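Residue numbers for the sequence shown follow numbering that gives the first Met the number 0, beginning at 0 and rising by one.
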Amino acid sequence: MKVGVFTVGLPDLTPEEAVQEIKDAGYDGVEWRVTRVPDEVKGEEPSFWGNNLCTLAPTEEEARRARRISEEAGLEIPGLGTYVAVGDLEAADEAMRFAVTAGAAQVRVGAGAPDGRPYEELFAAAREFLAGVEDLARSHGVKALIEIHHRTICPSASLTHRLVSAFDPDLVGVILDPGNMAQEGFEDYRIGAELLGPYLAHVHIKNSAFERPAGGGVWESRWAPLEDGVVDFGLVFKALEHVGYDGWLVMEDFSSVRPSREALKYNLQFVRSFVEPPRSG
0 MKVGVFTVGL
10 PDLTPEEAVQ
20 EIKDAGYDGV
30 EWRVTRVPDE
40 VKGEEPSFWG
50 NNLCTLAPTE
60 EEARRARRIS
70 EEAGLEIPGL
80 GTYVAVGDLE
90 AADEAMRFAV
100 TAGAAQVRVG
110 AGAPDGRPYE
120 ELFAAAREFL
130 AGVEDLARSH
140 GVKALIEIHH
150 RTICPSASLT
160 HRLVSAFDPD
170 LVGVILDPGN
180 MAQEGFEDYR
190 IGAELLGPYL
200 AHVHIKNSAF
210 ERPAGGGVWE
220 SRWAPLEDGV
230 VDFGLVFKAL
240 EHVGYDGWLV
250 MEDFSSVRPS
260 REALKYNLQF
270 VRSFVEPPRS
280 G
């Protein structure tokens, strides 16, 4: 399996700095964060979801930039971390055009989140959206991915499979994210991987933990370093091996326990302690 880095986790590095650090650390690819950083946060300290310096705007010029600097560093682009909202086919089309120009084969799109409406209504809206996305994927030759994510209508492998099962797995796939599933939607990794079958297209690597409030009560979730949290990565990688998964593993470490450059090196060593690098030739 090849290993890459999602640039959302490198908020203090510019794209040009990031590709060099990612390559020097020994990774195979870079998954670009593609969205518009609001003007009002650009003067703030770098942060994952605020003033993230390692973000590319969804424009043709930025797509060419992504391709150029990735190729210059010798990195593949396994996918794009976009923030396309459910129902926004125009944004999905824009994201796929970006992917074609950048040389990325996959694009993340949204499935929707609980908002007070009945689940079946949310599910129907997501299904309708994905039908349009599937058509776009076929047209552009880019696969659309739904991420298993807490606080969405797809927090588990089974609920995500229910959503995507109506579509062609060559056009619509799933991002398995054990770190998200630790916060909501945990299911046995092997069962989930088996259920997803051909829809299992991509894997994000991060960890979560829970903190007990000082006075007791409901424990609160937080992001954790890969080696110290709820996720048992030994079981994760055994499950992936069991189903013959040979796709990408992409780092998405939000723990902030190490500086970006140090985390890049440490996290790759951690994953490689479980997974052999791909054979060349």
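All C-beta atoms, glycine included, are put in the ideal place defined by N, C-alpha and C. Small disclaimer: the values here were computed from a predicted structure and weren't measured.
N-terminal and C-terminal residue of the alpha helix (DSSP H) that E193 is part of: Walking along the sequence shown from the start, residue 193 turns up at place 194. The continuous alpha helix (DSSP H) containing E193 extends over residues 188-195.
When you compare the segment 133-151 with the segment 92-99, are there three or more beta-carbon pairs, one atom per stretch, that lie closer than 8 Å? Contact holds: three or more Cβ-Cβ distances are below 8 Å.
Three-state class that DSSP yields for F47 in the structure shown: Locating residue 47 in the sequence shown gives position 48, counting from the first residue. In this structure, F47 counts as coil in the three-state DSSP scheme.
Quick one: Cα of A208 to Cα of H241, how far? As a position in the sequence shown, residue 208 is number 209, starting the count at 1. As a position in the sequence shown, residue 241 is number 242, starting the count at 1. When rounded, the distance between both Cα atoms is 26 Å.
Please go through the same chain and pick out, in chain order, the residues whose beta-carbon is closer than 7 Å to the beta-carbon of V36, but skip the five residues on each side of it. For this step, residue 36 is matched to residue 37 along the sequence shown. Taken in chain order, the residues that qualify are N50, N51, T54.
List in chain order: all unbroken alpha helix (DSSP H) runs of 4+ residues lying wholly within the segment 139-194. With a minimum length of 4 residues, the continuous alpha helix (DSSP H) runs that stay inside the segment 139-194 are 156-163, 177-182.
Let me know if V171 comes out buried or exposed under the rule of 16 or more other beta-carbons within 10 Å of its beta-carbon. What you label residue 171 is simply residue 172 of the sequence shown in a count that begins at 1. Buried, because 16 or more other Cβ atoms sit within 10 Å of the Cβ of V171.
Would D114 be called buried (16 or more neighbouring beta carbons within 10 Å of its own) or exposed? Here residue 114 corresponds to residue number 115 of the sequence shown, with the count starting at 1. Of the other Cβ atoms in all chains shown, fewer than 16 fall within 10 Å of the Cβ of D114; this residue is therefore exposed.
Endpoints, alpha helix (DSSP H) assigned at M0: Within the sequence shown, the letter at position 1 stands for residue 0. It is not in any alpha helix (DSSP H) - M0 carries neither H nor E in the DSSP assignment.
Hey, how far is the Cα of D38 from the Cα of L129? Along the sequence shown, one-based indexing puts residue 38 at 39. Along the sequence shown, one-based indexing puts residue 129 at 130. Cα-Cα distance, rounded: 31 Å.
Beta-carbon proximity check, I190 vs V173, cutoff 7 Å: Against the sequence shown, residue 190 aligns to sequence position 191. Against the sequence shown, residue 173 aligns to sequence position 174. No. Outside cutoff.
The alpha helix (DSSP H) spanning G80 covers which residue range? Taking the sequence shown and counting its residues from 1, the one referred to as residue 80 is at position 81. Unbroken run through G80 is the beta strand (DSSP E), 79-83; no alpha helix (DSSP H).
Quick one: does G178 have its CB under 7 Å from some CB of chain B? Here there is only one protein chain, and chain B is not present.
Alpha-carbon spacing of F253 relative to R116, whole angstroms: Locating residue 253 in the sequence shown gives position 254, where the first residue counts as 1. Locating residue 116 in the sequence shown gives position 117, where the first residue counts as 1. Roughly 30 Å separates the two Cα atoms.
Alpha-carbon spacing of P77 relative to E30, whole angstroms: Numbered from its first residue, the sequence shown carries residue 77 at position 78. Numbered from its first residue, the sequence shown carries residue 30 at position 31. Their backbone Cα atoms lie some 6 Å apart in a straight line.
Among the residues of its own chain, which have a CB less than 7 Å from the CB of E226, if the five just before and after it don't count? In the sequence shown, counting from the first residue as 1, residue 226 sits at position 227. Closer than 7 Å at Cβ, skipping near neighbours: F269.
Exposure label - G8; buried when at least 16 CB within 10 Å: On the sequence shown, position 9 is the one that residue 8 refers to. By the neighbour-count rule (16 or more Cβ atoms within 10 Å), G8 is buried.
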